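Novice: The opening position of the sequence shown corresponds to residue 5 in the working numbering, with each subsequent residue numbered one higher.
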Amino acid sequence: MRAIFCLFDSLNKTAIEAYGLGSVKTPNFDRFAERSIVYDNHYVGSLPCMPARRDLHTGRMNFMHRSWGPLEPFDNSFPELLRKGGIYSHLVTDHLHYFEDGGATYHNRFTSYDFIRGQEYDPWKAMVEPPLERFREIYANKHYPFGEGEKPQGRAAVRFQHAINNTFITEEEDYPGPRCFASAFDFLDVNHKADNWLVMLECFDPHEPFRAPDRFKEAYKTGWNGGVLDWPLYAKVNDSPEEIAEIRANYAALVAMCDEYFGKLIDYMDEHDMWKDTALIVSTDHGLLLSEHDWWGKNLQPYYQELANIPLMVHDPRAPERAGTRSGRLTQTHDLMPTLLDLFGLDVPEEVCGRSVLADNDEHEVAIYGMFGGPIGINDGRYAYYIYPDDLYAPGLYEYTLMPSHIRAPFSSEEMKTAELRAPFGFTKEMPVLKIDALMNAARIPIHDGEAFQDIGTRLYDLEGDPKQENPFRDDAVESRLRAALCRVLADHDCPEEIYTRYGLAPA
5 MRAIFCLFDS LNKTAIEAYG LGSVKTPNFD RFAERSIVYD NHYVGSLPCM PARRDLHTGR
65 MNFMHRSWGP LEPFDNSFPE LLRKGGIYSH LVTDHLHYFE DGGATYHNRF TSYDFIRGQE
125 YDPWKAMVEP PLERFREIYA NKHYPFGEGE KPQGRAAVRF QHAINNTFIT EEEDYPGPRC
185 FASAFDFLDV NHKADNWLVM LECFDPHEPF RAPDRFKEAY KTGWNGGVLD WPLYAKVNDS
245 PEEIAEIRAN YAALVAMCDE YFGKLIDYMD EHDMWKDTAL IVSTDHGLLL SEHDWWGKNL
305 QPYYQELANI PLMVHDPRAP ERAGTRSGRL TQTHDLMPTL LDLFGLDVPE EVCGRSVLAD
365 NDEHEVAIYG MFGGPIGIND GRYAYYIYPD DLYAPGLYEY TLMPSHIRAP FSSEEMKTAE
425 LRAPFGFTKE MPVLKIDALM NAARIPIHDG EAFQDIGTRL YDLEGDPKQE NPFRDDAVES
485 RLRAALCRVL ADHDCPEEIY TRYGLAPA
């Protein structure tokens with residue numbers, strides 16, 4: 005068995021024509037749908053980026069135990085399990101978060117890896133005296149608040165690094181996304197005739213900033229003549245119709261680029277007759293709001309369907325008869341880890357809560373998803389339910405970890421002074437863990453940039469009658485059933501006691 009796992013970032017289901025919602029022309033994703041099982045009810049688990057990847061590596065959700073952070077010493081990791089089973093694994097990625105404090109320990113689980121530099125605010129290119137005034141002319145202040153005088157600070161500084169990186173990305177082959185595919189093809193050129201390998205091709209695109217070569221924008225031109233608008237702040241929409249159209253067009257152009265380069269991978273598999281013995285999986289970590297529900301971005305609002313219901317397509321060479329079929333079963337990000345082990349015939353560790361998506365007789369009762377400290381979403385395929393505690397910022401929330409790092413910094417002295425050693429959870433392999441107060445001034449998402457959860461309040465949506473989630477309501481019977489199902493999932497994940505108290509739940 006050979007496998008290619010193609011993971012995009014922020015690839016909205018609504019952008020793919022094969023899902024019947026396509027706002028972008030995606031002939032190659034659609035072409036792949038004809039060769040794969042298309043999952044209509046695939047959902048996120050832990051949010052956002054690295055928490056999702058921890059779910060992906062370990063086969064269990066982590067948002068109820070800690071915020072964004074590295075893989076833990078007790079975590080199972082699918083590439084490490086593959087290696088122990090005699091399977092070679094290779095990672096190609098331009099995802100810069102792997103190389104920050106809160107993303108450490110992931111990439112080294114692979115047998116080998118190639119880090120493609122230059123994406124987003126990756127500290128790639130050094131420019132001591134950058135052309136700040138020129139940058140102010142090129143980029144719209146709304147997305148690149150470079151101000152006047154001194155070099156940008158704080159949030160603007162990361163966008164400033166992106167502008168510096170862009171100075172060195174001038175030809176299409178310079179862009180990180182195309183370079184990721186080029187690296188993957190290098191791996192395949194050397195290894196496509198070998199057996200027992202997995203390559204994870206992980207592209208940060210179409211995550212913001214939405215920058216693609218000009219030719220992909222041709223089909224989506226809006227006539228915008230202002231500065232570059234390609235990196236909306238995570239905030240309520242306060243833009244003109246023209247600005248909204250330009251931002252969405254830039255996302256569409258980037259999706260179109262992803263689709264074309266993914267098509268080159270399909271062509272490669274055609275040329276080398278790989279479909280009969282090579283699995284291909286395509287998915288993403290989460291969606292992104294592009295002015296839907298009056299929001300840009302993610303993290304701060306309820307986990308609407310655009311964020312939570314994500315694409316998944318799987319070509320299983322063992323079951324060619326399933327090509328072009330669709331599955332309505334509830335699946336989640338943490339199911340992909342046991343799926344990969346399933347493809348290679350490897351045993352699934354007892355700590356894993358996910359289920360192979362290729363075993364159609366084993367379905368989740370509900371999908372649950374969330375972000376540490378935020379609301380919890382519950383979805384049974386018909387209803388989407390978001391529950392909030394009475395006070396999202398009340399004390400009594402704890403981080404459980406042996407790797408105390410936030411996204412770009414270790415835990416502070418103030419946080420670590422609260423640490424105490426706690427008895428092992430059922431999944432920590434008899435390792436005790438640190439129990440650390442989740443302080444409200446901690447450098448964790450979303451509060452590390454001074455942001456806070458908004459549109460707060462428990463609500464329920466009937467997706468059958470209200471697919472755009474415009475009419476929230478309450479129903480005691482439905483809510484009681486979904487809360488009971490949530491408690492069963494939390495129990496399976498050995499959830500800390502305070503989570504039940506915090507959200508007004510009765511342990512299963």
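The beta-carbon is built from N, C-alpha and C at its ideal position, and this holds for glycine as well. This structure is a prediction, so every number in the text was calculated from the model and none was measured.
#1: What three-state label does DSSP hand Leu60 in the structure shown?
#2: In chain order, which continuous runs of the alpha helix (DSSP H) of length 4 or greater are located wholly inside the stretch 407 to 451?
#3: Please determine, among Phe185, Pro306 and Tyr224, the residue with the shortest C-alpha to C-alpha distance to Lys531.
#4: Touching or not, the stretch 95 to 106 and the stretch 36 to 46, by the rule of three or more beta carbon pairs under 8 Å?
#5: List the endpoints of the continuous alpha helix (DSSP H) containing Asp466.
#6: Would you tell me roughly how many angstroms separate the C-alpha atoms of Asp274 and Val356, rounded to the nearest one?
#7: Name the DSSP bridge partner or partners of Met317?
#8: Should Leu490 be labelled buried (16 or more other beta-carbon atoms within 10 Å of its own) or exposed?
#9: So which of Asn445, Val361 and Met68 has the shortest CA-CA distance to Asp376?
#10: Report all residues from its chain with a CB closer than 7 Å to the CB of Phe82; omit the five preceding and five following residues, and keep chain order.
#11: By how many angstroms is the C-alpha of Gln123 removed from the C-alpha of Asp3?
#12: So, is Asp263 buried or exposed, given that buried needs 16 or more other C-beta atoms within 10 angstroms?
#13: CB Ala160 to CB Tyr179, shorter than 9 Å?
#14: Do the stretch 488 to 507 and the stretch 358 to 378 make contact, defined as three or more Cβ pairs closer than 8 Å?
#15: Can you have a look at Gly400 and say buried or exposed, based on whether 16 or more other CB atoms are within 10 angstroms of its CB?
#16: Closer than 9 Å, CB to CB, is Leu406 near chain C or not?
#17: Counting only runs that start and end within the stretch 324 to 412, where is the beta strand (DSSP E) found for 3 or more residues in a row?
#18: How many angstroms separate the CA atom of Met420 from the CA atom of Glu212?
#19: By the three-class DSSP mapping on this structure, what secondary structure does Ala257 have?
#20: Could you check what DSSP says for Thr18 in three-state terms: helix, strand or coil?
#21: Identify every run of the beta strand (DSSP E) within the stretch 185 to 225, keeping only runs that are complete inside it and at least 3 residues long; order them along the chain.
#22: Do you know how far the Cα of Phe36 is from the Cα of Ala7?
#23: In terms of residue numbering, what span does the alpha helix (DSSP H) encompassing Ser244 cover?
#24: Determine which residues share a DSSP beta bridge with Ile8 and list them.
Specialist: In short:
#1: Reading the sequence shown from its first residue, position 56 is the one you call residue 60. Leu60 falls in the helix class under three-state DSSP.
#2: If we require 4 residues or more, the alpha helix (DSSP H) runs fully inside the stretch 407 to 451 come out as 417 to 420.
#3: Summary: the structure shown does not reach residue 531, with the chain confined to residues 5 through 512, and so no result is reported for it.
#4: no
#5: Start at 1 with the first residue of the sequence shown, and residue 466 comes out as number 462. Taken as a continuous stretch (DSSP letters only), Asp466 belongs to no alpha helix (DSSP H), being part of the beta strand (DSSP E) at Arg463 to Asp466.
#6: Translated into positions along the sequence shown, residue 274 becomes position 270. Translated into positions along the sequence shown, residue 356 becomes position 352. Taken atom to atom, the span from the alpha-carbon of Asp274 to that of Val356 is near 35 Å.
#7: Mapped onto the sequence shown, residue 317 falls at position 313. In the DSSP assignment, Met317 forms a beta bridge with Val42 and Val286.
#8: Taking the sequence shown and counting its residues from 1, one reaches residue 490 at position 486. The residue is buried, with at least 16 neighbouring Cβ atoms inside 10 Å.
#9: Position 372 of the sequence shown, counted from the first residue, corresponds to residue 376. The sequence shown places Phe at residue 376, not Asp. Measuring from the Cα of Phe376, the nearest candidate turns out to be Met68.
#10: Here residue 82 corresponds to residue number 78 of the sequence shown, with the count starting at 1. These residues qualify, in order along the chain: His61, Met341, Leu344 and Leu345.
#11: No answer is possible for residue 3: the residues shown for the chain start at 5 and end at 512.
#12: The residue given as residue 263 occupies position 259 in the sequence shown. Classification of Asp263: buried, given that the 10 Å Cβ count is 16 or more.
#13: Here residue 160 refers to the residue found at position 156 of the sequence shown. Here residue 179 refers to the residue found at position 175 of the sequence shown. Not a contact, by the Cβ cut-off of 9 Å.
#14: yes
#15: Counted from its first residue, the sequence shown places residue 400 at position 396. With fewer than 16 Cβ atoms within 10 Å of its Cβ, Gly400 is classed as exposed.
#16: Reference to chain C is not applicable here, since this structure consists of a single protein chain.
#17: 329 to 331, 371 to 374, 380 to 383, 387 to 391 and 402 to 405
#18: Here residue 420 corresponds to residue number 416 of the sequence shown, with the count starting at 1. Here residue 212 corresponds to residue number 208 of the sequence shown, with the count starting at 1. One C-alpha to the other measures close to 33 Å.
#19: The count along the sequence shown starts at 1 and reaches residue 257 at position 253. Ala257: helix per DSSP, three-state reduction.
#20: Taking the sequence shown and counting its residues from 1, one reaches residue 18 at position 14. Thr18: helix per DSSP, three-state reduction.
#21: 201 to 207
#22: What you label residue 7 is simply residue 3 of the sequence shown in a count that begins at 1. What you label residue 36 is simply residue 32 of the sequence shown in a count that begins at 1. One C-alpha to the other measures close to 15 Å.
#23: Numbered from its first residue, the sequence shown carries residue 244 at position 240. Counting along the chain, Ser244 falls outside any alpha helix (DSSP H), and DSSP gives it neither H nor E.
#24: Within the sequence shown, the letter at position 4 stands for residue 8. The partner list for Ile8 (beta bridge, DSSP) reads Val203 and Leu284.
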